[in-house]
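Please read the structure below before turning to the comments.
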Amino acid sequence: MSRRRTAALPTPVALLFLLPAAALFAVFVLYPMATALTYSLFSWRGTAQEEFVGAANFVALFTTEPYRSQLPRAFGHNALLFAGAMVAQNTVGLLLAYVLHQRARFRRLFQVLFTMPYLVSPLVVGYLWSLLLSPLFGPVNALLRAVGLDAVAQPWLGDPDTALWVVVLVTAWQWVGFPLLVYGAALGALDPSTQEAAMLDGASSAQRFWHVTLPLLTPVIGTVSVLTFIFSMEAFPIPYALGGSSGSPAGATDVMSLLFYRTAFHSGASNAIGVSSAVAIVLFLVIVGVSVAFTRWFRGVERRLT
Amino acid sequence: MSRRITRATASAALVALTLGACAPSADSPEPGAAPGQGCDGDAVALDVWSWRTEDVKTYDRIFDVFEEANPCITVNFQAHLNTEYDQILRTGLTGSDGPDIAQVRSYGLLQPLVEGGNLEPLDDVVPALGEFDDAALDGARGREDGAVYGVPLATQTIQVWYNTAIFEENGLEEPETWDDFVALNDTLLEADVTPLAVGARDGWFVPTVHDALTAAQYGGADFQQALRDGETDFTDPAYVDSIQTLKDLQQYMPDDVTGVAYTDAQVLFTSGQAAMFAGGSYEQAFFQEANPDLELGVFQVPPPPGSALDHPVTPGYADGNWGLSATTQHRAESETLLTWLATPEFGQLVADELKQFSPIPGVEYADPLQQEMWDLYQENPAPYLLLVDYRYGDPVGTDLMGEAGQKLFLGDTDAAGAADIVQDGLSAWWTPGE
Numbered sequence: 001m002s003r004r005r006t007a008a009l010p011t012p013v014a015l016l017f018l019l020p021a022a023a024l025f026a027v028f029v030l031y032p033m034a035t036a037l038t039y040s041l042f043s044w045r046g047t048a049q050e051e052f053v054g055a056a057n058f059v060a061l062f063t064t065e066p067y068r069s070q071l072p073r074a075f076g077h078n079a080l081l082f083a084g085a086m087v088a089q090n091t092v093g094l095l096l097a098y099v100l101h102q103r104a105r106f107r108r109l110f111q112v113l114f115t116m117p118y119l120v121s122p123l124v125v126g127y128l129w130s131l132l133l134s135p136l137f138g139p140v141n142a143l144l145r146a147v148g149l150d151a152v153a154q155p156w157l158g159d160p161d162t163a164l165w166v167v168v169l170v171t172a173w174q175w176v177g178f179p180l181l182v183y184g185a186a187l188g189a190l191d192p193s194t195q196e197a198a199m200l201d202g203a204s205s206a207q208r209f210w211h212v213t214l215p216l217l218t219p220v221i222g223t224v225s226v227l228t229f230i231f232s233m234e235a236f237p238i239p240y241a242l243g244g245s246s247g248s249p250a251g252a253t254d255v256m257s258l259l260f261y262r263t264a265f266h267s268g269a270s271n272a273i274g275v276s277s278a279v280a281i282v283l284f285l286v287i288v289g290v291s292v293a294f295t296r297w298f299r300g301v302e303r304r305l306t
Numbered sequence: 001m002s003r004r005i006t007r008a009t010a011s012a013a014l015v016a017l018t019l020g021a022c023a024p025s026a027d028s029p030e031p032g033a034a035p036g037q038g039c040d041g042d043a044v045a046l047d048v049w050s051w052r053t054e055d056v057k058t059y060d061r062i063f064d065v066f067e068e069a070n071p072c073i074t075v076n077f078q079a080h081l082n083t084e085y086d087q088i089l090r091t092g093l094t095g096s097d098g099p100d101i102a103q104v105r106s107y108g109l110l111q112p113l114v115e116g117g118n119l120e121p122l123d124d125v126v127p128a129l130g131e132f133d134d135a136a137l138d139g140a141r142g143r144e145d146g147a148v149y150g151v152p153l154a155t156q157t158i159q160v161w162y163n164t165a166i167f168e169e170n171g172l173e174e175p176e177t178w179d180d181f182v183a184l185n186d187t188l189l190e191a192d193v194t195p196l197a198v199g200a201r202d203g204w205f206v207p208t209v210h211d212a213l214t215a216a217q218y219g220g221a222d223f224q225q226a227l228r229d230g231e232t233d234f235t236d237p238a239y240v241d242s243i244q245t246l247k248d249l250q251q252y253m254p255d256d257v258t259g260v261a262y263t264d265a266q267v268l269f270t271s272g273q274a275a276m277f278a279g280g281s282y283e284q285a286f287f288q289e290a291n292p293d294l295e296l297g298v299f300q301v302p303p304p305p306g307s308a309l310d311h312p313v314t315p316g317y318a319d320g321n322w323g324l325s326a327t328t329q330h331r332a333e334s335e336t337l338l339t340w341l342a343t344p345e346f347g348q349l350v351a352d353e354l355k356q357f358s359p360i361p362g363v364e365y366a367d368p369l370q371q372e373m374w375d376l377y378q379e380n381p382a383p384y385l386l387l388v389d390y391r392y393g394d395p396v397g398t399d400l401m402g403e404a405g406q407k408l409f410l411g412d413t414d415a416a417g418a419a420d421i422v423q424d425g426l427s428a429w430w431t432p433g434e
């Protein structure tokens, strides 16, 4: 405590040092935020701002077509992307991290390999997979047919029942390195004596994982879950590469960012800027609201477990 | 830990918001304008913006012709990435360092700029506009005042491309009647060739295929006029029949057509695995580049019995205009350039150098295939209906037909249901007759 006090700068000097960062934050974060908010409160004629309309753009978003039916549909797809990512991305990431943690040999190599797709642009990943999954030329179906699994070969991206899950899996394929690295670091930081104590008490390896390791990872699981939620809500490049701006087939892969994109830049509607800004604000509020609630709840869980 | 999460949450979520606010425009430095030979005073540099990054060199050559005739004006042609162009242009035209003249979109996507007062009406500025075809000018009109806000740049036509070698191998000829068309599809199917290369995974491509195959069946320009007059809507039996025809022709398309991408369909056709491709005139450059040995032919699909029209048609649409910025500092020079952009001299350069159809009267095409497509369009033009009249609101007609067509191909709806999807969607902002 005392050391911290001596290290502290006099308040005016501290404020001076904060100024550059605060200025950058204001110009590049606060200003665009405030702009989007004000845009959503006005009516627009093309690029010209007209009069203040209060919440009318938001009311339009929830009561008029096509938004009334497209907004819940897109939001539902974002929620499924999140649920899918929790299973296909974070759970798999945790298991891989755990397995790699047990075996030091080749750990680095596999960490790098699993993290590689992370470094490629998501648009490129999306187009790559759309080529791999093509029903005409794609090697995935060709491989399935070659080993006699003809019944499993699907028009993966052409069937509304499978298309969204393809988006989930491709996203997981790209991002699995993220939970892998975070969980790997957390596992490395755990005190090995707790493991040894559990072992001396005769706990099996499964018991040690469930009752010792997992509870100790709770704070990290919380962080990864919240970040996954945010990424899932903002998903754009992979759905766009796999299903186009209208969420093909037949809207099965439509998500909030695509709805925003279509509303803002794809229609000739006069009030496009007003309504699309309202979409952005709604998305922002959902992300902040759910993330804060989620964080609070997880803090409670954490306290009970530790 | 929790505070860190909250902070991470906040900063990541902000990304969603910054999406909502337009990014500031790229700087467009004003290069020093050196007067050409024969110019006594100072030269004026005009900034001209475009979304055709692939055509920069060609446009520089084209504008050299203009600069030679107008030594006191230099043209500074700048192209921006197609996918980002609309945002950049909106910011440029509302700010201070925008273009003097810009390529602007046609029909619905032109309206935000017209309504925002960013473009000048050109009816009195460019007298030559009076000689343009109405169908071309429709793409440049303001929705509310009907004034022309751009000099039409290009026209696209939609027809069926075919591989002449495959036709010859199977003893086939361009169809004269609907029965011929069905018979040749059957022959190709028996010969293990995919008759129609269609990719319905890309929603935007579905209405193109629909109009290429069935525009004459629902009545082409007559149906467009009936909709404008409020005499019918998209649930019209003729329109439903045309959608049924699309469904009937699905057997000649690749299996799982909703999983086939537009680019897959292109490859299917250029690699000789499919015999026909229902698509736009803009495909020609790609087809010839992808397979230089490909011998191409085009035809219009004859209408089936009981169609609204007794002759085949070629749907077409205006594709881009030259607009005049309302905030230009060089009004007189910009008008000189716009006037030149409406001359047959420029139109011929569009045809010869850019390989596009120019709507300027009197242009001729050296490529016989291009000339044939243009002649077919001139003989029996039709509108690419959902793009031409139904992109003035949200949702746009082409997106609706994309979704309806995908459901139709998947068997999730029938022809009448697909027509309902289009009609119900459009009714959010469109009432027949208005």
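The listed protein sequences correspond, in order, to chains A and B.
Sequential numbering of the first sequence, starting at 1, is according to full-length UniProt numbering.
Sequential numbering of the second sequence, starting at 1, is according to full-length UniProt numbering.
Yeah, the Cβ is synthetic: ideal placement off N, Cα and C, and Gly gets one too.
Predicted model, so just to flag it, every value in this text is computed and none were measured.
Using a 10 Å radius around the Cβ and a threshold of 16 neighbouring Cβ atoms, would you call residue i buried or exposed?
i: B:W161; result: buried
i: B:G32; result: Unreliable positioning characterises B:G32 in this predicted model, as indicated by a pLDDT of 47, which lies under 50. The coordinate reading is nonetheless provided below. By the 10 Å Cβ count, B:G32 comes out exposed.
i: A:N141; result: buried
i: A:P12; result: exposed
i: A:F284; result: buried
i: B:P152; result: buried
i: B:A16; result: Bear in mind that a pLDDT of 41 at B:A16, under 50, signals an unreliable position, so the number given afterwards is only what the model happens to contain. Under this definition B:A16 is a buried residue.
i: A:M199; result: exposed
i: A:S134; result: buried
i: B:C22; result: Note that B:C22 scores a pLDDT of 40, beneath 50, so its modelled location is shaky; the value from the coordinates is reported in the next line. Label assigned to B:C22: buried.
i: B:E169; result: exposed
i: B:D134; result: exposed
In angstroms, rounded to a whole number, what distance separates the CA positions of residue i and residue j?
i: A:F293; j: A:S40; result: The sequence as given places Ala at residue 293 of chain A; Phe does not occur at that position. Rounded to whole angstroms, A:A293 to A:S40 spans 25 Å at the Cα level.
i: B:S106; j: B:P71; result: 31 Å
i: B:T232; j: A:A153; result: 44 Å
i: B:I62; j: B:P195; result: 40 Å
i: B:A216; j: B:D424; result: 23 Å
i: A:A189; j: A:V182; result: 11 Å
i: A:L169; j: A:R296; result: 29 Å
i: B:Y390; j: B:G98; result: 29 Å
i: residue 470 of chain B; j: B:T235; result: Residue 470 of chain B lies beyond the range of chain B shown here (1 to 434); nothing can be said about it.
i: B:K355; j: A:V279; result: 41 Å
i: B:S307; j: B:Y218; result: 7 Å
i: A:T228; j: B:G259; result: 28 Å
i: B:A221; j: B:Y384; result: 9 Å
i: B:I73; j: B:L324; result: 16 Å
i: B:Q370; j: B:I243; result: 29 Å
i: B:A342; j: B:A261; result: 37 Å
i: B:D241; j: B:A415; result: 7 Å
So who's on the other strand from residue i, going by DSSP bridges?
i: B:V48; result: B:F77, B:I101
i: B:T314; result: B:P381
i: residue 471 of chain B; result: There is simply no residue 471 of chain B to check, as chain B begins at 1 and stops at 434 in what is shown.
i: B:M276; result: B:Y162, B:L196
i: B:L119; result: B:S325
i: B:L228; result: The question names Leu, but residue 228 of chain B is Arg in the sequence shown. According to DSSP, which records beta bridges pairwise, B:R228 is partnered with nothing at all.
i: B:G297; result: B:Y162
i: A:W44; result: A:Q49
i: B:F357; result: B:T155
With residue i and residue j assumed to form a contact (beta carbons below 8 Å), what rounded beta-carbon distance in angstroms separates them?
i: B:L338; j: B:V125; result: 7 Å
i: B:D229; j: B:I158; result: In fact, because the Cβ distance is near 24 Å, the residues do not count as touching under 8 Å.
i: residue 435 of chain B; j: A:T47; result: Missing from the structure shown is residue 435 of chain B; chain B here goes from 1 to 434 and no further.
i: B:T398; j: B:P207; result: 5 Å
i: B:V114; j: B:G142; result: 4 Å
i: B:V396; j: A:H266; result: 7 Å
i: B:L109; j: B:A140; result: So it is not a contact: roughly 12 Å between Cβ atoms.
i: B:P302; j: B:P127; result: With 8 Å as the limit, B:P302 and B:P127 do not qualify as a contact, their Cβ atoms being about 41 Å apart.
i: B:G411; j: B:L246; result: No, B:G411 and B:L246 are not in contact; Cβ-Cβ is about 13 Å, not under 8 Å.
Between which two residues does the alpha helix (DSSP H) carrying residue i extend?
i: A:Y67; result: 67-85
i: B:Q156; result: Unbroken run through B:Q156 is the beta strand (DSSP E), 155-163; no alpha helix (DSSP H).
i: A:W173; result: 160-175
i: A:S276; result: 272-305
Is the beta carbon of residue i within less than 6 Å of some heavy atom of the ligand GDP?
i: A:V292; result: This structure lacks the ligand GDP; in fact it carries no ligand of any kind.
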